[in-house]
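All residue numbers for the sequence shown refer to the working numbering, where the first residue is 3 and numbers rise by one.
Virtual Cβ for every residue (Gly too), placed ideally from N, Cα, C.
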Amino acid sequence: MILFSSEIEFELKNRIKMNKLIIDAASEKIFLMIISNASIYNITQENTKINYEKLTIIINDFLSSKNIKITNISAIYINQGSGSFAGIRNSMSVVKAFNVAKNIDYYCYNLEDFKDEKNLKHENIPNLCKKYKIKKNLINPVYLS
């Protein structure tokens, strides 16, 4: 019976941690999306200097509003440009911190990676990263000058 209950606990932990977080701070708005097992949630915030400084708080508040903890995120997908230098730099710093502190894998995509896709939506980013073999934990930002 102990083995059986351990297997159930393992399955529940894996199910809980199947949430994905998408962060896009490369444009005029900070866009966040959670792709959960059964639901998709998103918010946007103004992409201002004040919000750059509190990006971690914005992410944590968004996760909390959906009763999700950062430890329940299995992967983070981050837009690495082209776009705002400060937005990209700050979002990458936050994601690297989450990786170091919580061991969460991250994938840095560029919208140019998916230029052949006809119907590009944020909720498709995880599948597109897999399709186009985007490497995890690879940072190669593209800033606009």
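Ile32 sits away from Tyr79, with the two beta carbons spaced by 7 angstroms or more. Annotation for Phe33: the continuous beta strand (DSSP E) segment containing it runs 31-37.
Pairing Leu23 with Ile59 gives a Cβ-Cβ distance that is not under 7 angstroms. In the three-state scheme derived from DSSP, where H, G and I count as helix and E and B as strand, Tyr54 is classed as helix. If the five residues before and after Leu130 are omitted, its C-beta is found closer than 7 angstroms to the C-beta atoms of Phe116, Glu119, all from its own chain and listed in chain order.
Fewer than three beta-carbon pairs drawn from the segment 32-52 and the segment 95-105 are found closer than 8 angstroms, and the two stretches are therefore not classed as touching.
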